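One structure is given below, encoded as structure tokens.
6 protein chains.
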Amino acid sequence: MYLHTQQLINEIAVDEPDPAAANALQEGLGGQFGEMRTMMQYLFQSMNFRGDAAGKPYKDLMQGIGTEEISHVELIGTTISRLLDGSPRYNGKKTDPVDQPGAKGATPLKIALDTGNIHHYLVAAQGALPVDAAGNPWSGSYVYNSGNLVLDLLYNLMLESTGRLQKCRIYEMTENKTARSTVAYLIVRDQAHENAYAKALESLGVNWGAALPIPKTNAERFPEVKKLLDQGLQNVQYTFGADDLSEAGKLFRGASPSDASQELRTEVMPQGFPMTIAPERREEFSPGLDPELLALIQATAEVELKDADHPKEAKK
Amino acid sequence: MYLHTQQLINEIAVDEPDPAAANALQEGLGGQFGEMRTMMQYLFQSMNFRGDAAGKPYKDLMQGIGTEEISHVELIGTTISRLLDGSPRYNGKKTDPVDQPGAKGATPLKIALDTGNIHHYLVAAQGALPVDAAGNPWSGSYVYNSGNLVLDLLYNLMLESTGRLQKCRIYEMTENKTARSTVAYLIVRDQAHENAYAKALESLGVNWGAALPIPKTNAERFPEVKKLLDQGLQNVQYTFGADDLSEAGKLFRGASPSDASQELRTEVMPQGFPMTIAPERREEFSPGLDPELLALIQATAEVELKDADHPKEAKK
Amino acid sequence: MYLHTQQLINEIAVDEPDPAAANALQEGLGGQFGEMRTMMQYLFQSMNFRGDAAGKPYKDLMQGIGTEEISHVELIGTTISRLLDGSPRYNGKKTDPVDQPGAKGATPLKIALDTGNIHHYLVAAQGALPVDAAGNPWSGSYVYNSGNLVLDLLYNLMLESTGRLQKCRIYEMTENKTARSTVAYLIVRDQAHENAYAKALESLGVNWGAALPIPKTNAERFPEVKKLLDQGLQNVQYTFGADDLSEAGKLFRGASPSDASQELRTEVMPQGFPMTIAPERREEFSPGLDPELLALIQATAEVELKDADHPKEAKK
Amino acid sequence: MYLHTQQLINEIAVDEPDPAAANALQEGLGGQFGEMRTMMQYLFQSMNFRGDAAGKPYKDLMQGIGTEEISHVELIGTTISRLLDGSPRYNGKKTDPVDQPGAKGATPLKIALDTGNIHHYLVAAQGALPVDAAGNPWSGSYVYNSGNLVLDLLYNLMLESTGRLQKCRIYEMTENKTARSTVAYLIVRDQAHENAYAKALESLGVNWGAALPIPKTNAERFPEVKKLLDQGLQNVQYTFGADDLSEAGKLFRGASPSDASQELRTEVMPQGFPMTIAPERREEFSPGLDPELLALIQATAEVELKDADHPKEAKK
Amino acid sequence: MYLHTQQLINEIAVDEPDPAAANALQEGLGGQFGEMRTMMQYLFQSMNFRGDAAGKPYKDLMQGIGTEEISHVELIGTTISRLLDGSPRYNGKKTDPVDQPGAKGATPLKIALDTGNIHHYLVAAQGALPVDAAGNPWSGSYVYNSGNLVLDLLYNLMLESTGRLQKCRIYEMTENKTARSTVAYLIVRDQAHENAYAKALESLGVNWGAALPIPKTNAERFPEVKKLLDQGLQNVQYTFGADDLSEAGKLFRGASPSDASQELRTEVMPQGFPMTIAPERREEFSPGLDPELLALIQATAEVELKDADHPKEAKK
Amino acid sequence: MYLHTQQLINEIAVDEPDPAAANALQEGLGGQFGEMRTMMQYLFQSMNFRGDAAGKPYKDLMQGIGTEEISHVELIGTTISRLLDGSPRYNGKKTDPVDQPGAKGATPLKIALDTGNIHHYLVAAQGALPVDAAGNPWSGSYVYNSGNLVLDLLYNLMLESTGRLQKCRIYEMTENKTARSTVAYLIVRDQAHENAYAKALESLGVNWGAALPIPKTNAERFPEVKKLLDQGLQNVQYTFGADDLSEAGKLFRGASPSDASQELRTEVMPQGFPMTIAPERREEFSPGLDPELLALIQATAEVELKDADHPKEAKK
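Protein chains in written order, with full-length UniProt numbering: chain A, 1 to 316; chain B, 1 to 316; chain C, 1 to 316; chain D, 1 to 316; chain E, 1 to 316; chain F, 1 to 316.
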């Protein structure tokens with residue numbers, strides 16, 4: 001069973017809207033090696049896990065990372081949404097402001113004709129889509145779950161490393177701070193998960209030598225990443241369990257497979273950062289409420305506000 | 001951010017394995033109107049939600065139902081997995097037992113050639129797949145999120161009703177108790193969600209008259225469903241929030257849109273039912289560990305067991 | 001602009017329901033070489049046609065055949081629908097009657113678990129689907145329209161011949177009279193269209209020698225086909241124009257490319273056969289109206305019946 | 001059975017070619033909520049309709065709208081084709097003229113490298129494609145036909161509203177008059193169909209209050225739309241029947257669900273606007289006839305012209 | 001550049017036709033982890049390879065295995081073709097003989113309605129299809145080529161192991177000797193390729209310990225596999241180079257990563273086994289030549305036979 | 001069985017990188033009428049061929065062309081790879097050099113946001129992808145193999161002509177010499193294959209008159225093509241057989257179907273042009289080796305270099 005708390009797992013930096021960066025980030029959300037995929041793959045691997053009691057630490061590891069991935073979907077989806085929201089004054093060009101609804105035949109959405117994915121404006125209302133950066137919808141055929149433990153771990157290691165590789169490339173495509181704050185965070189967390197699967201394979205006898213991490217990166221090249229590495233985020237596995245039953249910590253501990261001088265450790269989940277609600281965009285008809293409908297909502301809200309003082313009774 | 005607790009949201013009844021029923025249930029998991037779709041659709045609608053403070057109850061309603069849907073994915077996925085596991089003595093036919101690994105050229109997986117989806121045995125190791133009952137992989141193109149509030153609510157109402165319709169049909173396809181326990185539970189929860197979106201549209205002025213519920217069903221036809229309806233599960237919205245910030249209760253209350261004589265109410269999430277780990281299936285090479293690998297795992301476990309007595313230190 | 005008349009282009013013979021035959025016919029409806037494809041391909045070729053006045057006969061030929069194909073979609077879709085409807089006593093097996101709605105947990109849709117496409121019962125309500133016989137949804141990527149006249153005609157000739165080849169194979173798969181009446185009709189009409197495109201290519205200098213028709217068939221093998229060939233249906237091009245502007249007759253005339261002893265000719269569209277409405281299937285919740293909803297419909301109908309006596313006024 | 005008349009259902013305004021606008025319009029043709037989809041969905045719902053005599057007005061409503069949608073496919077396809085045809089001097093930029101065939105290694109199709117969908121120039125010959133604005137081919141999996149009457153009507157209402165929402169967004173993307181003439185017309189007709197399905201649901205007891213139309217629009221924002229609304233086109237249902245058997249008028253009458261002050265009414269189909277044939281584009285090899293082939297066509301035409309004086313005899 | 005020799009890479013044992021086994025083998029041909037995928041993946045990895053001179057042994061390894069995979073496509077495709085050809089007397093059931101063309105309305109293809117993929121009879125003429133065992137067409141999205149050397153090798157190791165795992169499962173599904181001769185051969189060659197990629201990773205510092213081979217198998221369970229293992233086929237890398245430029249042998253040598261007691265070695269390609277042409281199947285219209293067309297072919301052949309005595313002149 | 005020689009079938013001219021041209025060429029590689037498709041179609045047609053001894057020349061023709069197509073895949077893939085490699089100074093614009101790896105948060109891959117397919121930089125490492133120019137992955141559903149000889153030949157003729165048509169259009173999109181050298185070569189070879197299938201159909205009685213070649217082209221328009229036509233490359237069929245068993249020469253001889261004044265002939269395969277390895281691109285982490293991994297490779301190489309002096313022993 002899953003619970004939700006109205007907090008984002010990492011803070012999203014504030015910067016100008018940037019549809020091109022938003023589209024690049026779609027690979028990290030709905031791409032073949034993006035967060036929707038890791039999330040779904042680990043949830044399926046957990047549900048279908050075989051292996052009696054001896055396997056529980058492996059199952060718990062997959063389930064734990066899978067749970068974190070849902071929060072990553074939420075983080076990167078929200079980031080894309082913000083990058084698409086409103087007037088794109090980015091790149092120095094002044095274009096028609098998207099901020100004003102069209103009037104007398106104006107074209108407030110003209111920008112859509114020249115962006116990475118016109119669907120961001122035409123199908124979604126300046127929000128994230130379950131597609132990759134080339135516009136391909138996410139597919140269930142991505143999910144890999146052979147049932148063979150060594151193979152599933154090997155795939156997961158490759159999957160996290162590929163996700164990290166692609167995010168390093170996305171980092172090199174944009175200077176937008178909103179985009180980079182999320183990309184940098186995910187680069188480091190992907191490395192933590194790379195460590196987790198590498199470590200699990202170590203418990204089955206594999207020695208990684210100098211092969212990890214994949215890709216080899218020089219932190220100096222990526223200042224935002226370096227900051228997080230210095231905090232050791234690549235060595236932490238979170239417990240997102242509402243209970244305390246996970247045995248993943250039996251695997252994720254000891255020397256890091258990608259840097260033997262560092263120690264892996266388990267921590268309780270981060271406290272999170274508050275979520276906000278995106279503003280209305282009238283040119284998208286989103287949410288598209290006219291005064292009459294707003295009055296109806298207001299009426300409901302007022303009735304409820306009285307009850308809200310007594311939530312205990314209201315909810316019984 | 002999401003948390004996970006090692007409990008299933010509903011109990012899965014015990015019965016014989018039944019690959020044909022398992023395949024029918026795939027529609028409820030990976031079908032166009034299945035649980036993966038509702039889950040993803042509501043998560044995207046929440047992330048991309050627009051509408052300032054007045055919209056919060058609507059956003060929270062979608063987010064809350066979306067969170068429950070992740071647990072439904074877990075429930076129906078686990079159910080499929082159990083229905084596929086082991087010797088199918090169902091329907092009175094005795095076939096080659098799948099329970100024994102092949103030896104000297106035996107064919108313990110012969111049954112796979114005559115089932116609804118050969119991938120259950122060939123690609124997965126007798127586990128659930130992210131596909132529908134006709135074998136089509138789940139697609140991101142299913143997700144609907146127009147950003148227009150009335151439209152998104154209308155779609156969600158239609159989506160829950162279609163999910164419920166299909167599950168009523170699945171119910172009529174099999175007598176297997178394992179399958180029916182989950183199908184009956186989801187029929188009733190789909191109705192609760194149908195009520196939720198119908199109620200939200202009532203707050204925007206729509207009056208449903210006699211049109212709901214969809215489909216019209218006579219509980220006597222479905223004994224397992226009737227039991228849950230008698231408990232009033234169709235009138236309850238759960239809070240899966242680890243915090244107490246949801247305003248969904250402002251909408252989900254008062255008379256039920258599908259039966260004015262009943263009252264809607266919010267409750268904390270159910271306590272859940274314990275999860276188990278599926279047994280090894282040697283003919284699938286799942287998990288596929290030989291004595292040497294098992295010994296390595298055992299060694300790791302023993303080291304850890306000592307630490308497990310002092311989890312506080314181990315996790316710092 | 002298109003018009004519709006409530007008549008089927010050919011009569012559908014009455015026989016037992018037969019889900020297996022229905023599924024084979026899906027290839028002729030939603031397959032890569034089925035009627036949805038020919039219809040869409042010719043509509044696109046007409047819309048995008050280039051070639052000034054000299055090209056009009058070619059455009060009109062494609063448009064005319066394309067219009068006929070919509071009626072073929074209607075014919076084969078209705079045929080599939082009938083083959084799926086109700087109790088399948090076919091093949092001598094007595095199974096649970098689908099005719100009775102389930103009661104007390106009965107399984108009136110059990111048959112769905114053992115048919116060619118479970119979606120016929122689970123997603124559709126015993127109706128046709130826009131998919132092929134292997135369950136693949138129809139795709140826009142099938143449509144071919146290069147804009148080059150010789151190439152488009154060559155493709156169309158190949159397309160009609162492949163459709164005809166597949167229908168000859170379907171004929172050999174089932175003895176069901178409902179299925180065969182439609183399959184036989186389409187085999188002959190496909191040959192008429194094969195003749196049309198072959199003839200158009202003759203006007204551009206190609207001589208087909210002994211290569212046509214494709215496939216070579218011996219009418220004696222297919223009695224239902226022979227009957228229609230004896231009527232000369234393979235040599236007729238219909239005009240489905242509400243006006244009289246088509247110049248297709250400039251091409252479709254003279255000796256048949258597949259049999260020089262026969263003469264091609266143009267005729268006005270056939271008179272057609274009356275359409276009926278399929279009966280309710282309660283186990284599918286289709287249309288799913290309870291007494292309360294039926295009463296509402298009845299009320300509307302009664303009000304309208306009075307007006308129906310004075311349609312002129314009612315419609316002004 | 002279907003008939004065709006060589007008239008477009010609405011007039012297409014003349015303006016410069018505009019590949020970017022053409023690509024945006026593809027969503028309205030081949031998108032998930034475009035005209036190919038509404039057309040196919042209603043044709044399938046008609047073929048598979050269940051409900052005995054009481055259901056006939058509902059079936060006829062779907063069939064009637066479905067028939068109109070084929071003409072919409074024709075209208076928007078032709079519009080896209082015109083927007084793609086020839087020298088794009090749009091947006092003030094002078095680029096290499098596409099009007100001249102390349103010579104000595106020239107690059108008359110260079111513009112294709114910088115357009116929304118390179119396939120418009122590379123696969124089609126500056127013509128419409130059965131894909132959406134992001135290039136995804138139309139899919140049969142879009143078609144929804146549950147068989148449950150309330151559910152199918154609810155879906156159709158949502159479908160028309162989403163189509164209308166997307167076309168309002170497209171309107172805001174381009175000032176091109178060719179594009180806008182068709183988009184404005186379809187916005188108003190989508191509203192007529194929204195009214196039709198909403199009205200049908202009213203006959204089943206639903207009261208829409210202030211929720212319609214979706215999206216809420218202010219006609220003043222869209223001058224081309226306002227002109228058509230002033231003519232009342234949103235309140236008219238056409239009969240495209242070659243016969244007079246439709247009972248759809250029993251439902252589509254009385255007060256409009258989206259504006260109670262207006263009255264719904266049925267009319268015979270519009271007279272239409274003449275169709276033309278697109279000019280040759282030599283750089284696309286379309287139709288690609290050289291003098292030798294043109295001479296052959298001319299020869300055929302001449303023979304036929306003589307017959308054309310006596311069409312009665314020629315066609316018998 | 002590629003050359004072809006009219007030899008199969010392994011001998012296909014003779015046994016009864018068996019459509020069910022044929023369909024299971026489709027996973028090994030057109031599945032996500034089948035031979036078309038390995039072939040394409042390695043060809044793309046070779047074409048796009050980066051790494052200057054130091055990388056040549058790695059590129060040559062991928063290219064060499066990729067070339068072998070084309071012969072595997074040929075082998076498994078031919079095997080499927082033979083398994084589908086003709087009268088299926090398998091499983092003890094006597095059905096209508098497929099061997100005789102239909103006459104007077106007979107149904108020689110009736111068997112198609114009850115097989116794993118009806119397309120084998122309806123679309124192909126009892127031949128192999130580029131799809132997997134669940135009927136999904138092969139997709140270019142399967143191909144993985146990140147450009148990162150460690151990652152590509154890791155993926156390839158996982159890919160070969162998954163292919164081997166699935167073939168071990170297919171082996172357990174059928175006793176058909178035709179199917180097993182090819183499956184057993186590919187199990188052993190997949191292991192050779194698994195060794196190749198594992199060895200290449202060893203050169204980059206990884207030590208596999210006891211993790212390989214994946215899956216762990218006990219040769220005694222699979223007698224046909226054991227025979228080939230005893231010949232040491234899992235330790236051989238072939239050179240399919242028409243020239244002698246490959247440096248793959250620098251990597252594929254020394255102790256086997258899956259069994260340190262065995263030595264890896266390079267050999268020239270096997271001599272192969274003669275290919276035959278499948279017989280005509282008249283009920284499929286394949287090749288569908290009537291006496292007139294056969295006479296034309298015969299005429300061509302006779303003219304040519306005379307020339308065939310002087311091939312030197314004929315070819316200059 | 002297939003062999004490979006480390007030679008490209010044609011020389012690739014040197015010019016500036018050009019991502020836009022690279023993307024256009026993707027249609028020729030992974031498009032519906034590109035080289036991957038012709039290759040796969042002919043390999044399947046060869047494997048599944050039916051027709052006894054009389055059919056062997058037809059089978060050999062398909063097999064022979066199919067083998068050449070693999071070399072075309074290699075040629076066009078390599079060409080795309082080169083067009084994507086490095087600093088795009090094309091079109092006169094100076095952008096951020098892709099040549100330098102990012103440092104201190106630089107954006108060396110910024111160009112990816114404004115190219116035809118962002119995946120070229122994000123998923124591949126500036127290499128070719130198995131997709132078309134609009135980004136759609138190659139699909140197995142493209143492959144056509146009806147088993148009917150006339151139909152398969154007709155389709156193949158249409159396929160080659162469409163490939164040629166599209167390449168003529170690509171030629172008109174770019175002046176880049178690298179792109180044009182490959183496009184011009186393939187235009188001429190497609191014509192050779194068009195001739196081959198047209199000739200095979202002539203042997204079955206078809207006379208093509210003035211219809212070929214498709215499209216009609218005027219060599220003067222395409223100087224690079226003219227040069228190759230003057231060499232007569234459109235009249236040559238290569239033998240890529242390592243043995244001398246092909247009977248394709250019985251069909252491919254005599255007057256050319258597209259120009260009766262020219263004679264068809266068979267030749268042994270061309271000698272080819274040397275292949276090179278693409279340089280490292282550090283900003284793509286491709287191959288991504290750090291000094292430590294390079295040292296390991298170097299160590300392996302050195303050990304091997306000694307053996308390389310004695311290849312005979314090393315390989316035994």
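Each residue gets a CB set at the ideal place from its N, CA and C atoms; glycine is no exception.
Source: prediction; values computed, not measured.
(request) State whether the segment 25-40 of chain D contacts the segment 272-289 of chain B, with contact taken as three or more CB pairs (one from each stretch) at a distance under 8 Å. (result) no
(message) For residue 170 of chain A, which residues in the same chain have their Cβ closer than 6 Å to its Cβ, ignoring the five residues on either side in sequence?
(response) 24, 183
(message) Would residue 148 of chain A pass as an interface residue toward chain E - the criterion being a Cβ-Cβ separation below 8 Å?
(response) yes
(request) Given a cut-off of 8 Å, decide if residue 263 of chain A and residue 236 of chain A are closer than it, judged by their beta-carbon atoms. (result) no
(request) Would you tell me roughly how many angstroms separate the C-alpha atoms of residue 61 of chain A and residue 151 of chain A, rounded to the nearest one? (result) 15 Å
(request) Spell out whether any CB of chain B is found under 8 Å from the CB atom of residue 117 of chain D. (result) no
(request) Please compile the residues from chain F whose C-beta is within a distance smaller than 7 Å of the C-beta of residue 162 of chain C. (result) 146, 151
(message) Classify residue 125 of chain E: buried if its beta carbon has 16 or more other beta carbons within 10 angstroms, exposed otherwise.
(response) buried
(request) For my contact list, residue 55 of chain C and residue 80 of chain D are in at a C-beta cut-off of 8 Å; report their separation, rounded to the angstrom. (result) No, residue 55 of chain C and residue 80 of chain D are not in contact; Cβ-Cβ is about 20 Å, not under 8 Å.
(request) From the DSSP output, in three-state form, read off residue 172 of chain C for me. (result) coil
(request) If I'm right that residue 4 of chain F touches residue 34 of chain E with Cβ under 8 Å, what's the distance once you round it to whole angstroms? (result) About 21 Å; that fails the 8 Å criterion.
(request) Say whether chain F places a C-beta atom closer than 8 Å to the C-beta of residue 95 of chain A. (result) Confidence at residue 95 of chain A is low in this model, with a pLDDT of 45, below 50, so its placement is unreliable and the value that follows should be read with caution. Taking Cβ atoms only, chain F never reaches closer than 8 Å to residue 95 of chain A, which makes this a no.
(message) Can you pull out the residues from the segment 206-229 of chain E whose beta carbon lies closer than 8 Å to at least one beta carbon of chain A?
(response) 206, 207, 208, 209, 210, 211, 214, 215
(request) State yes or no: is the beta carbon of residue 238 of chain A nearer than 8 Å to at least one beta carbon in chain E? (result) no
(message) Once the 5 residues before and after residue 167 of chain D are set aside, which same chain residues still bring their CB inside 8 Å of it?
(response) 28, 183, 186, 187, 190
(request) Report the neighbours of residue 165 of chain B on chain C: residues whose CB is nearer than 7 Å to its CB, in chain order. (result) 285
(request) May I ask you to verify whether the segment 9-16 of chain D touches the segment 103-118 of chain D, counting CB pairs closer than 8 Å and requiring at least 3? (result) no
(message) Using C-beta distances below 8 Å, list every residue in its chain close to residue 215 of chain F, excluding the 5 sequence neighbours before and after it, in chain order.
(response) 161, 164, 165, 168
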